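Below: one structure, written as structure tokens.
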Amino acid sequence: MALALVVTARRLRPYFLSHPIGVRTNTPLKQTLGKPDTSGRLVKWAVELSEYDISYLPRTTIKAQALADFISEMTEMTIKEASQDQKWLLHVDGSSTAQGSGAGIVITTPQGEDLEFAIKFGFKASNNEAEYEALVIGLRMAHETGAKHLLAYSDSQLVVKQVEGTYEAKEESMIQYLQQIADLKTKFHHFQIIQIPREENAKADSLSKLASSLEDCGQDTSPYIISLRPGPPWLSSL
1 MALALVVTAR RLRPYFLSHP IGVRTNTPLK QTLGKPDTSG RLVKWAVELS EYDISYLPRT
61 TIKAQALADF ISEMTEMTIK EASQDQKWLL HVDGSSTAQG SGAGIVITTP QGEDLEFAIK
121 FGFKASNNEA EYEALVIGLR MAHETGAKHL LAYSDSQLVV KQVEGTYEAK EESMIQYLQQ
181 IADLKTKFHH FQIIQIPREE NAKADSLSKL ASSLEDCGQD TSPYIISLRP GPPWLSSL
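Going by UniProt numbering, the letters in the sequence shown line up with residues 1 to 238, in that order.
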């Protein structure tokens with residue numbers, strides 16, 4: 001969580017300097033950063049964050065509709081109106097580790113702005129399930145932002161081929177994911193999914209790894225909004 005906050009502060013520095021910031025978290029982040037025995041990197045981050053007016057508040061559960069409303073409101077404020085025939089891009093990746101599971105999602109608007117999300121799952125998911133979860137969440141987010149023509153990119157051969165219909169899904173969980181995706185596809189005028197090499201999916205890959213390494217957040221899916229920016233550079237050196 002500390003890493004997510006530091007990254008967010010670096011990406012949105014002008015806003016952090018101009019406004020008081022409220023951070024909702026169930027982890028004792030303030031106490032952790034203020035411990036005398038805090039590790040060197042955490043001390044560095046604590047000093048860096050001390051220049052901002054940050055208050056730490058208990059995190060309330062964020063339901064799916066609340067997340068959708070937030071994305072919709074943020075989009076209206078930050079993205080120029082796009083005509084419906086313009087293409088939006090969606091890059092997704094899922095990660096499953098011993099620490100947990102999560103998704104990395106990058107939505108690129110027709111104007112070239114990137115909306116980047118690291119989403120921690122409040123449940124254990126296999127690698128394939130995490131990849132599917134990332135795509136389902138990404139499609140929902142893209143729909144909420146107003147995308148009508150969507151190109152989706154994933155480095156998971158299994159997910160792409162099953163969505164295309166080239167591979168047959170036999171596991172019940174995969175069949176259920178495919179049904180969700182089939183329903184979501186109807187919300188777009190045009191939808192295409194494309195498999196890309198992992199190196200071409202680096203942003204979503206890094207975000208998914210960040211999300212899966214965060215501390216357990218309970219039973220609900222929790223979004224961490226990492227950055228909103230018009231282009232590279234993406235993540236500054238930590």
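Think of the CB as a built atom: it goes at the ideal place given N, C-alpha and C, for glycine as much as any other residue.
A quick note: this is a predicted structure, and the numbers were derived from the prediction, not measured.
Report task. Starting from GLN179, follow the alpha helix (DSSP H) in both directions and report where the run begins and ends. Result -> Counted as a single uninterrupted DSSP element, the alpha helix (DSSP H) harbouring GLN179 occupies residues 172-185.
Report task. Look up GLY112 in the DSSP assignment and say whether it is helix, strand or coil. Result -> Looking at GLY112 - three-state DSSP - the assignment turns out to be coil, as it is neither helix nor strand.
Query raised in the report: Candidates ALA130, LEU115 and GLU116: which alpha carbon is nearest GLY122's?
Result: Answer by Cα proximity: ALA130.
Query raised in the report: Which whole-angstrom value describes the C-beta separation of LEU150 and ALA142, a residue pair presumed to lie in contact below a C-beta threshold of 8 Å?
Result: Going by Cβ atoms, the distance from LEU150 to ALA142 rounds to 5 Å, so yes, they are a contact pair.
Report task. Would you tell me roughly how many angstroms separate the C-alpha atoms of ILE225 and LEU115, rounded to the nearest one? Result -> Its pLDDT being 45, under 50, ILE225 is placed unreliably in this model, and the coordinates cannot settle the point.
Query raised in the report: Do ILE105 and ALA152 have their C-beta atoms within less than 7 Å of each other?
Result: Taking C-beta atoms as the reference points, ILE105 and ALA152 fail to come closer than 7 Å.
Query - Beta carbon of HIS91 nearer than 7 Å to that of ALA204 - result: The answer is yes: Cβ separation under 7 Å.
Requested in this report: Assign GLN192 to one of three DSSP states: helix, strand, or coil.
Outcome: Note: GLN192 maps to strand in three-state DSSP.
Query - Own chain partners of GLN99 with C-beta closer than 7 Å, once the 5 adjacent residues on each side are dropped - result: Exclusion of the five residues before and after GLN99 leaves SER212 and SER213 as the residues of its chain whose Cβ lies within less than 7 Å of its Cβ.
Query - Whole-Å CB distance - ASP155 paired with GLN111, under 8 Å assumed - result: Not a contact, Cβ separation roughly 25 Å.
Report task. For the alpha helix (DSSP H) containing TYR132, list its first residue and its last residue. Result -> Where TYR132 is concerned, the enclosing alpha helix (DSSP H) stretches over 127-144.
Query raised in the report: For THR166, does the three-state DSSP call read helix, strand or coil?
Result: Here THR166 sits in coil by DSSP.
Query raised in the report: In this structure, does DSSP put LYS120 in helix, strand or coil?
Result: When DSSP states are grouped into helix, strand and coil, LYS120 belongs to the strand group.
**Report entry** Extent of the continuous alpha helix (DSSP H) run through ALA152
**Finding:** Taken as a continuous stretch (DSSP letters only), ALA152 belongs to no alpha helix (DSSP H), being part of the beta strand (DSSP E) at 149-154.
Query - Three-state secondary structure assigned by DSSP to SER208 - result: Here SER208 sits in helix by DSSP.
Query raised in the report: Within this structure, are the beta carbons of ALA118 and SER96 separated by less than 7 Å?
Result: Not in contact: ALA118 and SER96 (Cβ atoms no closer than 7 Å).
Query - Of the listed residues VAL43, LYS44 and GLU48, nearest to PHE16 (C-alpha basis) - result: If you compare the alpha carbons of VAL43, LYS44 and GLU48 with that of PHE16, the shortest gap goes to GLU48.
Requested in this report: Give the DSSP bridge partners of TYR56, in chain order.
Outcome: DSSP, once it has assigned bridges, lists VAL23 as partnering TYR56.
Query raised in the report: Would SER208 pass as a contact of GLY94 if the rule is Cβ separation under 7 Å?
Result: GLY94 is positioned such that its CB atom lies closer than 7 Å to that of SER208.
Requested in this report: Could you tell me the distance, in whole angstroms, from the CA atom of VAL160 to the CA atom of TYR167?
Outcome: Answer to the nearest angstrom: the Cα atoms are 9 Å apart.
Requested in this report: Provide the residue(s) that pair with TRP88 in DSSP beta bridges, ordered along the chain.
Outcome: Residue pairing from DSSP places TRP88 in a beta bridge opposite LEU150.
Query raised in the report: Is it right to say GLY165 is buried, meaning 16 or more other beta carbons lie within 10 angstroms of its own, or is it exposed?
Result: Burial call: exposed.
Query - Local Cβ density within 10 Å of GLU144, reported as buried at 16 or more and exposed below that - result: Result: buried.
Report task. Select from VAL43, GLY146 and ARG140 the residue whose C-alpha is nearest the C-alpha of GLN86. Result -> Comparing Cα-Cα distances from GLN86 to each of VAL43, GLY146 and ARG140, the minimum goes to GLY146.
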